[in-house]
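Here the working numbering = 1-based position in the sequence shown + 5.
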Amino acid sequence: FYVACSNVETGKAEYLEIKDMFKDVEYFRATASLPYVSHMVEVGGMKLLDGGCTDSIPLEAFRRMGFEKNVVILTQHKGYVKKPQNAKMAELRYHKYPEFAEALKERHSVYNQSLKEIHRLEEAGEVFVIQPSEKLEISRMETDLDVIQSVYEQGMMEARVRMKALKEWMAEGQEE
Numbered sequence: 006f007y008v009a010c011s012n013v014e015t016g017k018a019e020y021l022e023i024k025d026m027f028k029d030v031e032y033f034r035a036t037a038s039l040p041y042v043s044h045m046v047e048v049g050g051m052k053l054l055d056g057g058c059t060d061s062i063p064l065e066a067f068r069r070m071g072f073e074k075n076v077v078i079l080t081q082h083k084g085y086v087k088k089p090q091n092a093k094m095a096e097l098r099y100h101k102y103p104e105f106a107e108a109l110k111e112r113h114s115v116y117n118q119s120l121k122e123i124h125r126l127e128e129a130g131e132v133f134v135i136q137p138s139e140k141l142e143i144s145r146m147e148t149d150l151d152v153i154q155s156v157y158e159q160g161m162m163e164a165r166v167r168m169k170a171l172k173e174w175m176a177e178g179q180e181e
């Protein structure tokens, strides 16, 4: 099991293997620490924040590690394009960490390029993608439990619809 975190000092993603859920709990805290609103988590000699800052969809990292059957679960509908964020805000908040500020400024480009590659790989049958069929009506910091439950149920429905195709895809190449 791995978590992806952003190393604030290098501006690069770290893919950290979790060997003990209790001993490695700080890495879980780091991967859920949002920029701008969360404190950096200092663990393993690194200052870390959420991995989505530097690699929102770490498919290529796991392919480099040798994982051949990758299932990508996206939270945005097909056709979604991430827009640039406020570059000045990144520079102001993370001026002591210029590589990380630059990663935040380029996040939209990296994300959009990752999406293009994922859809190319999906068409080639090299990855399996599960994603919403329509835009989810939920904010990043949603607190309304009814909205959260509704989106959860929508995700479960999408997964059930795709389950047969996923099982077939997973079985490809397994025949003797």
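No residue lacks a Cβ here, since even glycine has one placed at the ideal position from N, Cα and C.
Do you know offhand how far residue i's Cα is from residue j's?
i: A92; j: K110; result: 5 angstroms
i: M168; j: F133; result: 11 angstroms
i: K17; j: V156; result: 31 angstroms
i: R125; j: F105; result: 28 angstroms
i: E173; j: H100; result: 49 angstroms
i: D22; j: I123; result: Just to set this straight, residue 22 is Glu in the shown sequence, not Asp. In a straight line, the C-alpha of E22 is about 23 angstroms away from that of I123.
i: A170; j: R68; result: 21 angstroms
i: D25; j: V48; result: 15 angstroms
i: M161; j: M94; result: 36 angstroms
i: F72; j: A66; result: 9 angstroms
i: Q118; j: E127; result: 14 angstroms
i: Q179; j: E131; result: 14 angstroms
i: S114; j: D29; result: 31 angstroms
i: K121; j: M70; result: 21 angstroms
i: T15; j: G50; result: 12 angstroms
i: V166; j: E177; result: 19 angstroms
i: T148; j: F27; result: 27 angstroms
With 16 other CB atoms within 10 Å as the buried threshold, where does residue i fall?
i: L150; result: exposed
i: R112; result: buried
i: E19; result: buried
i: L97; result: exposed
i: T59; result: buried
i: A129; result: exposed
i: S11; result: buried
If residue i and residue j are in contact, beta carbons under 8 angstroms, what's the gap, nearest whole angstrom?
i: M175; j: K74; result: 6 angstroms
i: V5; j: Y102; result: Nothing in the structure corresponds to residue 5, since the chain is present only between 6 and 181.
i: Y7; j: S61; result: Between S61 and Y7 the Cβ distance is about 15 angstroms, and since that is not below 8 angstroms, they are no contact.
i: P137; j: E158; result: With 8 angstroms as the limit, P137 and E158 do not qualify as a contact, their Cβ atoms being about 12 angstroms apart.
i: V76; j: I135; result: 7 angstroms
i: P63; j: A9; result: 5 angstroms
* Quick one: any contact between the stretch 73-90 and the stretch 34-51, if contact means 3 or more CB pairs under 8 angstroms? -> Counting C-beta pairs with one atom in each stretch, the stretch 73-90 and the stretch 34-51 have fewer than three that are closer than 8 angstroms, which means they do not touch.
* To do: Could I get the ranges of all uninterrupted beta strand (DSSP E) runs contained in the stretch 71-141, with 3 residues as the minimum, in chain order?
  => Runs of the beta strand (DSSP E) inside the stretch 71-141: 75-78 and 132-135.
* Is the stretch 53-66 touching the stretch 24-36, taking contact as three or more C-beta pairs under 8 angstroms? -> Counting C-beta pairs closer than 8 angstroms gives three or more between the stretch 53-66 and the stretch 24-36, which meets the contact rule.
* Asked: Are the stretch 139-153 and the stretch 87-103 touching, with three or more C-beta to C-beta distances below 8 angstroms?
  -> With the cut-off at 8 angstroms, the stretch 139-153 and the stretch 87-103 do not touch.
* Which whole runs of the beta strand (DSSP E) in the stretch 31-75 are 3 residues long or more, in chain order? -> Counting only runs of 3 or more, we get 46-48 and 51-55.
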